[in-house]
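Notes for the one structure printed next.
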Amino acid sequence: MSNQKGSAYKEKVVLIGGGHAHVKLLYLMRQKGGYEEYEVTLVSKSHWQYYSGMVGGFLEGLYQEDELRFDLIELCKMSKVTFLEAEVSMIQPNESMILFSDGKSLNFDILSIDIGSEVNGLELESVREYANQIKPFHEIMRFRGELLKQTTFDDPIIFAGAGPASIELALSLKQLLAHHNLPFKLTIVNGQTPAQKGHPGKLTRKIDVILKREGIHSIMGNRVHAVKESRASLKDGTELAFRFLLWATGPKSSEVIKSSGFQTDEKGYLLVNEYLQAVNHPRIFGAGDCIGFGKNQLIKKAGVYAVREADYLYHNIKATLNNKEQKAYRPQKQYLSIISTGGRKGLLQLRGIVMEGKLCWRLKNYIDTRFMRRMKR
Ligand SMILES: Cc1cc2nc3c(=O)[nH]c(=O)nc-3n(C[C@H](O)[C@H](O)[C@H](O)COP(=O)(O)OP(=O)(O)OC[C@H]3O[C@@H](n4cnc5c(N)ncnc54)[C@H](O)[C@@H]3O)c2cc1C
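First residue of the sequence shown? That's 4 in the numbering used here, and the numbers climb one at a time after it.
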């Protein structure tokens with residue numbers, strides 16, 4: 004390719020984060036081609052990338068670790084992309100420069116950011132010290148190992164947060180404990196009632212029924228306010244003893260986005276336009292949990308969006324490099340959501356339909372395992 008930097012120069016495309024969107028982008032690069040003339044590098048904190056849709060199933064014991072993770076080194080090799088295991092601490096958009104936590108740096112011509120989100124509330128005193136984190140996902144693998152070493156525990160396992168992830172993990176955990184004949188007491192605590200969270204009534208009622216059926220206690224409208232060793236204080240002053248506290252309080256924007264001086268949405272996520280370009284930086288793209296489209300287009304932080312956005316990244320990065328027309332991304336308004344409710348059952352939600360059963364789990368298992376197989380090809 005010839006450009007002002009000379010005919011031998013290969014433009015540098017850097018992808019930060021091996022998230023769901025970039026895993027699919029790597030797949031598209033090797034299946035469809037079109038990136039051979041660029042120097043493409045993927046930078047990620049770890050070469051292991053876990054597929055969130057199967058984490059609950061792993062916790063329960065339905066999948067082996069290798070079934071739900073990608074080795075980014077392998078995926079990059081297949082896609083002829085250089086892999087760099089490193090943690091990005093800041094991006095300097097005006098200098099086209101990436102800074103790493105080990106003091107090194109890397110420049111780019113085109114950048115794509117897919118670093119996911121962090122978990123809310125970890126900054127609360129002692130949370131990092133005494134709570135088990137659910138992200139990065141290898142923390143769940145560690146927690147599972149730790150849990151299975153226990154022979155008995157009197158105090159409950161508490162989940163802070165009652166989003167779909169928390170509910171799925173609690174239900175999966177119940178199955179695991181029951182399977183290992185470990186007596187269990189599980190409690191979910193959430194600051195907002197499901198109605199305040201905006202969940203449709205039908206779904207909320209169904210989740211309520213399932214939690215009761217499975218013997219999981221829920222405390223709604225009362226958040227964990229402070230954490231000490233083995234004790235959580237709730238906002239209304241209630242003290243709860245715990246054996247394990249799982250911190251699953253929902254997503255928040257990564258510090259990298261905040262510290263890099265990008266224009267953000269009101270929650271601190273990288274503000275992008277319909278082409279997934281950062282506002283004011285047309286050579287910087289974003290996808291997945293780390294982006295926001297602004298007030299008029301609020302979308303949930305879900306892997307299904309990240310995966311869909313990859314198709315637009317694939318097209319629009321190439322189009323930018325070749326001065327071609329970009330494709331506008333319109334997030335789907337509805338998507339099929341199935342969470343695992345344990346014991347190979349699933350809870351399906353699509354448009355007005357809410358249903359639970361083995362068939363729903365089989366459909367979820369089919370979709371998830373097919374995705375993993377495809378992305379590894
Ligand atoms: C328990 C659980 C279950 C879920 N189940 C579902 C589900 O069934 N369906 C669904 O649609 N969504 C689900 N979600 C939400 C889903 O996980 C996220 O929406 C999805 O992971 C977002 O993907 P992403 O591409 O934005 O980034 P992620 O997949 O989160 O990946 C981010 C990547 O960036 C890397 N990274 C982060 N920071 C840096 C840095 N500073 N430097 C370098 N690399 C960095 C990380 O190592 C990682 O590789 C679930 C979430 C949880 C917590």
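Positions of the beta carbon are idealized from the N, C-alpha and C atoms, including for glycine.
| Coil, strand or helix - L249 by DSSP | Stepping through the sequence shown from its first residue, residue 249 is reached at position 246. Strand.
| task | Could you please give me the residues that DSSP links to E359 through a beta bridge? | result | Counting from 1 along the sequence shown, the entry for residue 359 is found at position 356. Answer is L350, bridged to E359.
| Can you check whether the CB of L206 is closer than 9 Å to the CB of V307? | Position 304 of the sequence shown holds residue 307. Position 203 of the sequence shown holds residue 206. Not closer than 9 Å, so no.
| request: Output the residue ranges of the beta strand (DSSP E) runs that lie fully inside the segment 211-244 and measure 3 residues or longer, sorted by chain position. | output: 219-223, 227-231, 234-237 and 242-244
| query | Are Y278 and K330 close, meaning C-beta to C-beta below 9 Å? | reply | One-based indexing of the sequence shown puts residue 278 at position 275. One-based indexing of the sequence shown puts residue 330 at position 327. Their beta carbons are under 9 Å apart, which means Y278 touches K330 by this criterion.
| For S121, which residues of its own chain have a beta-carbon under 6 Å away from its beta-carbon, when the five flanking residues on both sides are left out? | As a position in the sequence shown, residue 121 is number 118, starting the count at 1. Correcting the residue identity first, residue 121 is Glu in this sequence and not Ser. Closer than 6 Å at the Cβ level, and outside the excluded window around E121, lie K255 and S257.
| Should the segment 284-291 be regarded as contacting the segment 158-173, the criterion being three or more beta carbon pairs within less than 8 Å? | The segment 284-291 is not in contact with the segment 158-173.
| message | At a threshold of 8 Å, does L1 count as lining ligand 1 (C-beta to nearest heavy atom)? | response | For residue 1 there is no data in the structure shown, the boundaries of the chain being 4 and 380.
| Using DSSP with H/G/I as helix, E/B as strand and the rest coil, what is S288? | Here the question's residue 288 lines up with position 285 in the sequence shown. Note that residue 288 is Phe in the sequence shown here, rather than Ser. F288: strand per DSSP, three-state reduction.
| said: The alpha helix (DSSP H) that contains Y133, what's its start and end? | reply: Looking up residue 133 in the sequence shown gives position 130. Segment V130 to Y133, the alpha helix (DSSP H) holding Y133.
| DSSP on S92, reduced to helix/strand/coil? | On the sequence shown, residue 92 is found 89 positions in, with the first residue counted as 1. DSSP places S92 in strand when its eight states are reduced to three.
| field | ligand 1 heavy atom lying under 8 Å from the CB of K330 | value | One-based indexing of the sequence shown puts residue 330 at position 327. Checking the Cβ of K330 against ligand 1 gives no.
| task | For the segment 279-338, list the alpha helix (DSSP H) runs that are entirely contained and at least 4 residues long, ordered along the chain. | result | Runs found: 306-324.
| field | Local Cβ density within 10 Å of D371, reported as buried at 16 or more and exposed below that | value | The residue labelled residue 371 in the question sits at position 368 within the sequence shown. D371 comes out buried.
| message | What would DSSP say about D371, mapped onto helix, strand or coil? | response | Taking the first residue of the sequence shown as 1, we reach residue 371 at position 368. In the structure shown, D371 sits in a helix (DSSP, three-state: H, G or I).
| CA-CA distance, M4 and A322? | Within the sequence shown, numbered from 1, the residue matching residue 4 stands at position 1. Within the sequence shown, numbered from 1, the residue matching residue 322 stands at position 319. In this predicted model, M4 has a pLDDT of only 42, less than 50, meaning its place in the structure is not dependable enough to derive any value.
| Under a Cβ-count criterion, where at least 16 other Cβ atoms within 10 Å of its own Cβ denotes burial, should N184 be classed as buried or exposed? | Counted from its first residue, the sequence shown places residue 184 at position 181. Exposed, since its Cβ has fewer than 16 Cβ neighbours within 10 Å.
| Per DSSP, the bridge partner or partners of E42 | Indexing the sequence shown from 1 puts residue 42 at position 39. K15, per the DSSP bridge assignment.
| In DSSP terms, what R72 is bridged to | The count along the sequence shown starts at 1 and reaches residue 72 at position 69. Under DSSP, R72 forms a beta bridge with Y53.
| request: Counting only the same chain and skipping the five closest in sequence on each side, list residues whose C-beta sits under 6 Å from that of L114. | output: Position 111 of the sequence shown, counted from the first residue, corresponds to residue 114. Around L114: V17 and I287.
| request: Report buried or exposed for T344, applying the criterion of at least 16 other Cβ atoms within 10 angstroms of its Cβ. | output: Counting from one through the sequence shown, the residue named residue 344 turns up at place 341. Under this definition T344 is a buried residue.
| Which one of S99, V275 and C293 has the shortest CA to CA distance from N319? | For the purposes of this step, residue 319 is taken as the residue at position 316 of the sequence shown. Considering only alpha carbons, the answer is V275.
| field | Reference A313, options A251, N225, I116 and R373, closest by Cα | value | Taking the sequence shown and counting its residues from 1, one reaches residue 313 at position 310. Answer by Cα proximity: I116.
| field | Cβ shell of K298 (< 8 Å), same chain only, five flanking positions each side left out | value | In the sequence shown, the residue the question calls residue 298 occupies position 295. These residues qualify, in order along the chain: D268 and E269.
| request: Give every residue of the same chain whose Cβ lies closer than 7 Å to the Cβ of W364, excluding the five residues on either side of it in the sequence, and list them in chain order. | output: Taking the first residue of the sequence shown as 1, we reach residue 364 at position 361. For W364, where only same-chain residues beyond five positions count, the Cβ hits under 7 Å are S343, R347, K348 and G349.
| said: With the cut-off set at 9 Å, would you say A173 and A235 are in Cβ contact? | reply: For the purposes of this step, residue 173 is taken as the residue at position 170 of the sequence shown. For the purposes of this step, residue 235 is taken as the residue at position 232 of the sequence shown. No, the pair does not count as a contact, with Cβ atoms beyond the cut-off.
| task | Report, in whole angstroms, the separation of the C-beta atoms of A24 and G295, which I expect to be a contact under 8 Å. | result | Within the sequence shown, numbered from 1, the residue matching residue 24 stands at position 21. Within the sequence shown, numbered from 1, the residue matching residue 295 stands at position 292. Separation of the CB atoms of A24 and G295 is rounded to 14 Å, and the pair is thereby denied contact status at 8 Å.
| message | Does the beta-carbon of F140, which I'm using as the reference point, lie nearer than 8 Å to any heavy atom of ligand 1? | response | On the sequence shown, residue 140 is found 137 positions in, with the first residue counted as 1. It does: the Cβ of F140 is within 8 Å (strictly closer) of some heavy atom of ligand 1.
| message | So, under 8 Å CB-CB, Q95 and L102 are touching, yes? Tell me the CB distance rounded to an integer number of Å. | response | Taking the first residue of the sequence shown as position 1, residue 95 is located at position 92. Taking the first residue of the sequence shown as position 1, residue 102 is located at position 99. Indeed they touch by this definition, with Cβ atoms about 7 Å apart.
| task | Compute the minimum distance between the beta carbon of V130 and the heavy atoms of ligand 1, and state whether it is under 8 Å. | result | Within the sequence shown, the letter at position 127 stands for residue 130. Outside the cutoff, so no.
| said: Going by DSSP, what residue range makes up the beta strand (DSSP E) through G345? | reply: Translated into the one-based positions of the sequence shown, residue 345 becomes position 342. Run containing G345: S340 to G345, per the beta strand (DSSP E) assignment.
| message | Among the candidates A89, G119, E98 and G124, whose CA atom is the shortest distance from the CA of K107? | response | For the purposes of this step, residue 107 is taken as residue 104 along the sequence shown, with counting starting at 1. Answer by Cα proximity: A89.
| said: For a test of your reading of the model: does the CB of A305 fall under 8 Å from any non-hydrogen atom of ligand 1? Yes or no. | reply: As a first step, residue 305 must be located in the sequence shown, where it is residue number 302. The answer is yes for A305.
| query | With a CB to CB cut of under 8 Å and the five nearest residues on each side skipped, what residues in its chain are close to E359? | reply | The count along the sequence shown starts at 1 and reaches residue 359 at position 356. Excluding sequence neighbours, E359 sits near K209, I213, T344, K348, G349, L350 and L351.
| request: Assign T85 to one of three DSSP states: helix, strand, or coil. | output: Residue mapping note: residue 85 aligns to position 82 of the sequence shown, counting from 1. Of the three classes helix, strand and coil, the one that applies to T85 here is strand, per DSSP.
| request: Within 10 angstroms of the Cβ of R131, are there 16 or more other Cβ atoms? Answer buried if so, exposed if not. | output: For the purposes of this step, residue 131 is taken as the residue at position 128 of the sequence shown. Its Cβ having fewer than 16 others within 10 Å, R131 is exposed.
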